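Notes follow once the structure below has been shown.
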Amino acid sequence: MSEQEIQTLPLIGEPAPQFQAETTQGTINFPDDFQGKWIIFFSHPADFTPVCTTEFMTFASMAEDFKKLNTELVGLSIDSTFSHIAWLRTITERIEFKGMKGVEVKFPVISDLTMEVARKYGMLHPAASNTQAVRAVFIIDPEGIVQAMVYYPLSIGRNMEEIKRLLIALQRNAKHSVATPANWQPGDEVIIPPPGSCGSARERVAQAGEDYRCLDWFLCLKKDPGA
């Protein structure tokens, strides 16, 4: 396998790989240009493809929601900036989907003709396609650390509301050191980290009441501190 074919994959808790790239909003230095903000960095297989079109329209329609969460969107595909611009203009001028019409995609879309960025992030899966990036999503924190990643096959559109839910859960954890249970939604109870000793476990259960409740010594819940 040649050096160019080697796939890398940044892992949760590791620094996001750095790069400079041309985008529909000019040159960016990633992730340095977004320091202090959360980032949702996502790839799509190609411009002018149907699933990608619905995804970009949905992300763009939610852009203000993400900004309120101190989060920037950054897209990528292995196409040129000229192709990106033509496709995004088509979305604005011609495409209507689920009540969305005249949608402007204002977040940067990276041109990755050399596939250099896609390789840095393990977005190329040869068994799926030799020339298209799979649908990868990376959530990166304000310090440039990868906090979550999700991969979808080429044919399946992503659930942007789930990505938003995941982002909010990560922000709760970062700010309040809490975990979230299955199917958690903002406003639901959160999980208090488990105690580290038998003594603290007994004490926690004994003190449960108005501030939190315990289902057992290892599973205690309290109100969402970010609600």
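Position 119 of the sequence shown, counting from 1, maps to 119 under this note's numbering, and the rest follow consecutively.
Here a beta-carbon is modelled for each residue, glycine too, at the ideal position from N, C-alpha and C.
No experiment lies behind these values; they were computed from the predicted model shown.
Look at the alpha carbon of residue i and the alpha carbon of residue j, and state the distance between them as a whole number of angstroms.
i, j, result
"Met149", "Asp65", "20 Å"
"Trp38", "Met160", "16 Å"
"Thr53", "Asn173", "32 Å"
"Tyr212", "Leu69", "26 Å"
"His176", "Ser83", "43 Å"
"Asn291", "Ala182", "One cannot answer for residue 291 here, as it falls past the ends of the chain, which runs 1 to 227."
"Pro193", "Ala201", "11 Å"
"Arg158", "Phe138", "13 Å"
"Ser61", "Glu14", "30 Å"
"Asp33", "Gly226", "27 Å"
"Ile156", "Thr58", "14 Å"
"Thr114", "Cys214", "54 Å"
"Lys67", "Leu73", "9 Å"
"Gly99", "Trp87", "19 Å"
Can you give me the start and stop residues for the alpha helix (DSSP H) that residue i sits inside?
i, result
"Phe82", "81-94"
"Gly199", "198-207"
"Lys222", "Taken as a continuous stretch (DSSP letters only), Lys222 belongs to no alpha helix (DSSP H), being part of the beta strand (DSSP E) at 219-222."
Looking at C-alpha atoms only, which residue of the options is the closest neighbour of residue i?
i, options, result
"Gly102", "Arg94, Gln171, Val109", "Arg94"
"Ile12", "Asp224, Lys164, Val190, Gly144", "Gly144"
"Arg89", "Leu221, Ala63, Ser80, Val105", "Val105"
"Ile40", "Ile140, Asn70, Thr8", "Ile140"
"Ser77", "Asp112, Ala60, Glu203, Thr49", "Asp112"
"Asp79", "Gly99, Ala46, Thr92, Ser200", "Ala46"
"Thr71", "Thr27, Ile163, Pro50, Lys222", "Ile163"
"Lys25", "Gly199, Gly75, Phe42", "The identity of residue 25 in the sequence shown is Gln, whereas the question assumes Lys. Answer by Cα proximity: Gly75."
"Gln132", "Phe48, Glu14, Gly226, Phe19", "Phe48"
"Asp216", "Glu203, His44, Ala63", "Glu203"
"Thr27", "Ser43, Phe42, Thr81, Lys67", "Thr81"
"Ile264", "Pro195, Pro108, Met115", "Absent from the model: residue 264. The displayed extent of the chain is 1 to 227, so no value can be given."
Taking the beta strand (DSSP E) that residue i belongs to, which residues open and close that run?
i, result
"Arg158", "Run containing Arg158: none; DSSP gives neither H nor E here."
"Ala21", "19-23"
"Leu9", "That residue, Leu9, is in no beta strand (DSSP E); it is neither H nor E in DSSP."
"Phe30", "26-30"
Look at residue i and residue j and say whether their C-beta atoms are less than 9 Å apart.
i, j, result
"Tyr152", "Arg135", "yes"
"Leu221", "Glu189", "yes"
"Val178", "Ile191", "yes"
"Val51", "Leu154", "yes"
"Phe218", "Lys120", "no"
"Ile110", "Glu22", "yes"
"Pro31", "Gly122", "no"
"Val146", "Ala63", "no"
"Pro142", "Gly36", "yes"
"Asp224", "Gly187", "yes"
"Ser43", "Ala118", "yes"
Would you list, in sequence order, the uninterrupted alpha helix (DSSP H) runs of no fewer than 4 residues that lie entirely inside the stretch 40-65?
-> 50-61
Residue ranges of each beta strand (DSSP E) run of no fewer than 3 residues wholly in the stretch 163-203, ordered along the chain?
-> Those beta strand (DSSP E) runs which fall completely within the stretch 163-203 and span 3+ residues are 190-192.
Beta strand (DSSP E) segments (min. 3 residues) lying fully within the stretch 96-134 | Fully enclosed beta strand (DSSP E) runs of no fewer than 3 residues occupy 109-111 of the stretch 96-134, in order along the chain.
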